[in-house]
Amino acid sequence: MKDVVFGQIYPVNSPVHRADARAKFIIMILYIVTVIFASSFMQMAVIALLLLTVILMSRIPPLKVLSALKAIIVLAIATFIFTVLLNKGEGAENESLYLEFGPFCICGTGLLTGAFIICRIVLLIVGPTMVTLTTTPVDMADAIEFLLAPLKLIKVPVHAFGMIMSIALRMIPTLFEETQRVMNAQKARGACFDHGNVFKRIGALVPVLIPLFISALKRSADLSDAMESRCYNGGKGKTRMKVLKFRVSDILSMLFSALLLFFILVCVYNWWNWGWVAFMQMGTV
Amino acid sequence: MDRSAEKIIRVSNAVYKYNRDTEDEVTALRGISFEIAEGEFVALVGANGSGKSTLARLLNALYIPDEGDVFVSGINTASDKNEDILAVRRTVGVVFQNPDNQMVASIIEDDVAFGPENLGLPPAEIRERVDWALECVGMADHKKGTPFRLSGGQKQRIAIAGVLAMRPRVMVLDESTAMLDPRGKKEVMDVVERIRSEAGVTVIMITHFPDEAARADRVIALSGGRVAMDMPSSAALSDVEALRSIGLDAPLPARIAYELRKRGLSMPEGITTPDGLTEALCRIKN
Amino acid sequence: MQNKELKKTSSSGGLIEIKDLTYTYNPKSPFETRALDKVSLTIERGDFFGIIGQTGSGKSTLISHINALTRVQLKGKVNDCATVNVCGIDLTAKKPDLKRLREKVGMVFQYPEYQLFADTVREDVAFGPKNLGIGDAETDERVREAIRLVGLNYTEISERSPFELSGGQKRRVAIAGVIAMRPEVLILDEPTAGLDPEGKRELLALFKDIQLTTCPTIVMVSHNMDEVAECCNKVAVLGGGKVLGVFAPSELFSKRELIRSLGLELPVAVELASYLAEHGIPVRPECLTEEELLGELLSAYGGGR
């Protein structure tokens, strides 16, 4: 359970936690765009530095934040390996070629590109993780509902979507525990989950999945009873205890994020041919 | 009849069937009638499968009786007006069995706020009610925390706060202590006592623990979907044979008194407490 | 090598021999918690062994070690001197024979009905024996026997879906699924949780019966002190990850201070007997069960003709 960082708020009091969830979402979107546009190690470093500032401000142990990367470590390494192997570094004259075999090779450009992609993946994961670590699922659901509000015009059930998300986040740890419990129960009856080929292993999961499915159904029936009995009415006439309010700091943070995006765009495209941009283009990949 | 004397809960001839009009039809309630007045503390007892939990859902308009009626402060739960159903649910709050399956939010105060938010109250009032309810159940210190690392008893107290924040006049506890350890059971029972005395809430407690039923003023026992007993708790809980015949245990002092009486000792009727048993035994000695 | 020899001789004492076992959750992290702290315990063949303690006292971690669902922590040095020997299998070994272990140790979890999965009761009960690699004929025989042992009727129930049974029946089927593996030790975690009084009584009678007929050693974790007083011949008290003592029930429940300090309850019979004794009624305050208390009262007051 401790490994499931996503959807698990780390409850301490900090300026990042107190910030408006909608602001955090908007900043997150701006941030993602920024990371995607960034094209040099220097620009990445600037973004990483700012992200680190946010992490420190949030008073969450940095290791806790980084543990979010566990989930994608395989993906990241695979991406790195493929990028390195398939990148031939064509066109570069002073290319340093380390190894070549068949269609694959390891060269300087490849290694740099690989490293750059790893940086990008890390930044893309850690940033949004900061949002989930500092925002309660309810606020998150509210924020999504707010941001999707325009869709209400075309009759998309935005409220239901927010509610579903909040409940899903609420139930993840519970179901995770339950999975562990059922697996243990079947193990005690001699079941084996780590032997045989893929098909055998999938087959071995049936005695876990069926009880899980049944209990999830029971839980959802219970939950819908509990919600209905607490006057839930599909969100009609619902008010909020915590009214989301943009504060000056939220607006400033959003402006700052927009500025950062603009800055990175300038660094990438250098529309006005400013001299200092060359510095920011150091380590362009 | 004087309408102003309408009891807060009136169930008359309620019948409820699961999977109605199908092959798997099961009749859970076969004509239940009783009334409960405001301020009463009623224990609803019965073996598993006696229809207790179905009845809890009937009191809250989660289920509508197939025959007969359920009135909550004069409103028929079968009403098709949405306001009526909401009024019923605002009057009768239900705390269910599994604390994990009745929490909607991952932050404690957000979960407690869920009910009042659905009622459309202004934010300041919701905040006030949430703080009050968490105070009532002794969980105010945890309000910003998550429920995951809490004990069962604590989680259930939060569920009670969630119902309490809607300021119901009746609270139904549907086997809310069944999954808890002894400490959790005691926590929940103490909170229920407090709510009764401080907030004046009518309590209907569904249970099969005799010691919990003994705290109530009145016991309604169900068996096979019918009311088997409906009387003051001391009378009901001292009737060892009647309870046994519907699969329930009387409290230990009552069972001992019953056995002693059967073996020829003179024991008065109605013993349910250690005190009562002591008194009766002292009388023999003298 | 010598060390191993030593362990073997020391383990000849009991069927389950645990010595100095320590377990830490999330070691070396801020969430580090010690669930077991140098726990030592001997369970002999034929014991109905109770384990009591508050939620979080380490009971679950302890019993899941017996079945190797939680493995002895070998990293670090905490368990260097630990012994965990279950039915002759050394669980401190790097690769203990888990298959043989699971054959010998059956485990009934809390709310075991939530592990049912198969289309029919018969198939569900056969899951364990099949996993052990037992042939069809013998599996079939074991399934019949197990279903009969848990008090259900094979012909009536074997082809039904386990999901359409009542709560109590489901639990029995789940227990049959464990018994069908013919374990030497049966571990029960809160076996009667959520049942009504009659269901509880029937289930306890069933375990006593199983102990006499098929599985001589039973380990039961319970919060219900009446059950512990009624069934167990030895009771280990856990608190804060330590074994605070192993007692016979009569001895245990005379230690009121210990029981209270751990937030546990006394059996209702003990509670009532001591209340009566305090108020001048001539009974021993140690009466463990309803029958004992009744017997005392009858002899004191001359009833019972």
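Residue numbers (our numbering), protein chains in the order written: chain A, 682 to 966; chain B, 73 to 358; chain C, 24 to 328. From the three backbone atoms N, C-alpha and C, an ideal C-beta is built for every residue, glycine too. Bear in mind the structure is a predicted one, so any value in this text is a computation, not a measurement.
Go to residue i, then tell me how far its alpha helix (DSSP H) extends in each direction, as first and last residue.
i              : result
F894 (chain A) : 879 to 910
A285 (chain B) : 282 to 285
V260 (chain C) : Not the alpha helix (DSSP H): V260 (chain C) falls in the beta strand (DSSP E), residues 257 to 262.
V160 (chain B) : 154 to 163
H698 (chain A) : 696 to 699
What in chain B is Cβ-close to residue i, meaning under 9 Å?
i              : result
S847 (chain A) : V176, A177, S178, D182
Name the DSSP beta bridge partners of residue i, please?
i              : result
D302 (chain B) : B:I292
N148 (chain B) : B:F143
T47 (chain C)  : C:R57
F782 (chain A) : A:F785
L209 (chain C) : C:G129, C:I241
N108 (chain C) : C:E40, C:D113
T760 (chain A) : DSSP lists no partner for T760 (chain A).
T274 (chain B) : B:V242
L64 (chain C)  : C:I41
A939 (chain A) : None, per the DSSP bridge assignment.
V196 (chain C) : Looking at the DSSP assignment, V196 (chain C) forms no beta bridge with any residue, so it has no partner.
T965 (chain A) : A:S721
Starting from residue i, trace the beta strand (DSSP E) both ways and give me its first and last residue.
i              : result
D246 (chain B) : 242 to 246
S739 (chain A) : Element bounds for S739 (chain A): not the beta strand (DSSP E) but the alpha helix (DSSP H), 722 to 739.
E107 (chain B) : 98 to 108
L116 (chain B) : 113 to 117
S84 (chain B)  : 81 to 90
I74 (chain C)  : 71 to 75
K265 (chain C) : 265 to 270
Could you check how far apart the C-beta atoms of residue i and residue j are, in whole angstroms? I think they sit under 8 Å.
i              : j              : result
R229 (chain B) : M251 (chain B) : Contact doesn't hold; Cβ gap of about 14 Å is too wide.
V716 (chain A) : I728 (chain A) : 6 Å
R911 (chain A) : G187 (chain B) : 4 Å
S721 (chain A) : G964 (chain A) : 5 Å
L316 (chain C) : V306 (chain C) : 7 Å
Whose Cβ in chain A lies nearer than 7 Å to the Cβ of residue i?
i              : result
P194 (chain B) : T920
E216 (chain B) : In the sequence under discussion, the amino acid at residue 216 (chain B) is Lys, which differs from the Glu named in the question. Ordered by position in chain A, the residues that pass the 7 Å Cβ test against K216 (chain B) are P692.
S273 (chain B) : As written in the sequence, residue 273 (chain B) is Val, which differs from the Ser given in the question. Within chain A, no residue comes near V273 (chain B); the closest Cβ sits about 15 Å away, beyond 7 Å.
Could you tell me the alpha carbon to alpha carbon distance between residue i and residue j, rounded to whole angstroms?
i              : j              : result
Y712 (chain A) : F944 (chain A) : 12 Å
V887 (chain A) : R194 (chain C) : 20 Å
I180 (chain C) : A197 (chain C) : 13 Å
Q25 (chain C)  : T115 (chain C) : Low confidence applies here, because Q25 (chain C) scores a pLDDT of 42, under 50, leaving its location unreliable and the question unanswered by this model.
E250 (chain C) : L211 (chain C) : 12 Å
M682 (chain A) : P50 (chain C)  : Bear in mind that the predicted position of M682 (chain A) carries a pLDDT of just 36, short of 50, making it unreliable; the figure below should be weighed with that in mind. M682 (chain A) and P50 (chain C): Cα-Cα distance of roughly 15 Å.
L175 (chain C) : L188 (chain C) : 11 Å
I233 (chain C) : N256 (chain C) : 16 Å
I690 (chain A) : T817 (chain A) : 6 Å
E301 (chain C) : L353 (chain B) : 13 Å
S35 (chain C)  : G129 (chain C) : Low confidence applies here, because S35 (chain C) scores a pLDDT of 48, under 50, leaving its location unreliable; read the following figure in that light. Computed Cα separation, rounded: 21 Å.
K917 (chain A) : H840 (chain A) : 9 Å
Y177 (chain C) : D142 (chain C) : 15 Å
M339 (chain B) : L332 (chain B) : 7 Å
S277 (chain C) : E309 (chain C) : 6 Å
F186 (chain C) : M725 (chain A) : 56 Å
F894 (chain A) : L856 (chain A) : 10 Å
A866 (chain A) : P135 (chain C) : 8 Å
For residue i, return the contacting residues in chain B, with the cut-off set at a CB-CB distance below 8 Å.
i              : result
I241 (chain C) : Under the 8 Å cutoff, chain B gives no residues; its nearest Cβ is about 21 Å from I241 (chain C).
V924 (chain A) : P195
Listing by chain order, which chain C residues have their CB less than 9 Å from the CB of residue i?
i              : result
G884 (chain A) : Under the 9 Å cutoff, chain C gives no residues; its nearest Cβ is about 12 Å from G884 (chain A).
A704 (chain A) : Going along chain C, no residue has its Cβ under 9 Å from A704 (chain A), so there is no contact; the nearest lies around 29 Å.
A128 (chain B) : Ordered by position in chain C, no residue passes the 9 Å Cβ test against A128 (chain B), which lies about 16 Å from the chain.
Could you list which residues in chain A have their beta carbon closer than 8 Å to that of residue i, in chain order?
i              : result
F132 (chain C) : R862, N865, A866, A869
L158 (chain B) : C912, N914
What in chain B is Cβ-close to residue i, meaning under 7 Å?
i              : result
I86 (chain C)  : Those do not exist, as I86 (chain C) stays about 16 Å from chain B at its closest Cβ, beyond 7 Å.
I304 (chain C) : T350, L353
T78 (chain C)  : S223, D253
A752 (chain A) : Per Cβ cutoff of 7 Å: no residues; A752 (chain A) is ~19 Å from chain B at best.
T817 (chain A) : S178, I179, D182
Taking C-beta pairs closer than 8 Å, name the residues in chain C that residue i reaches, listed in chain order.
i              : result
S896 (chain A) : Y137
Residue i versus chain C: which residues are under 7 Å apart at the beta carbon?
i              : result
I741 (chain A) : Within 7 Å Cβ-Cβ: nothing; I741 (chain A) doesn't reach chain C, min ~12 Å.
P888 (chain A) : F140, F150
Between residue i and the ligand FMN, is the CB less than 6 Å from at least one heavy atom?
i              : result
L236 (chain B) : Absence of the ligand FMN from the depicted structure is noted, as is the absence of any ligand whatsoever, leaving it without description.
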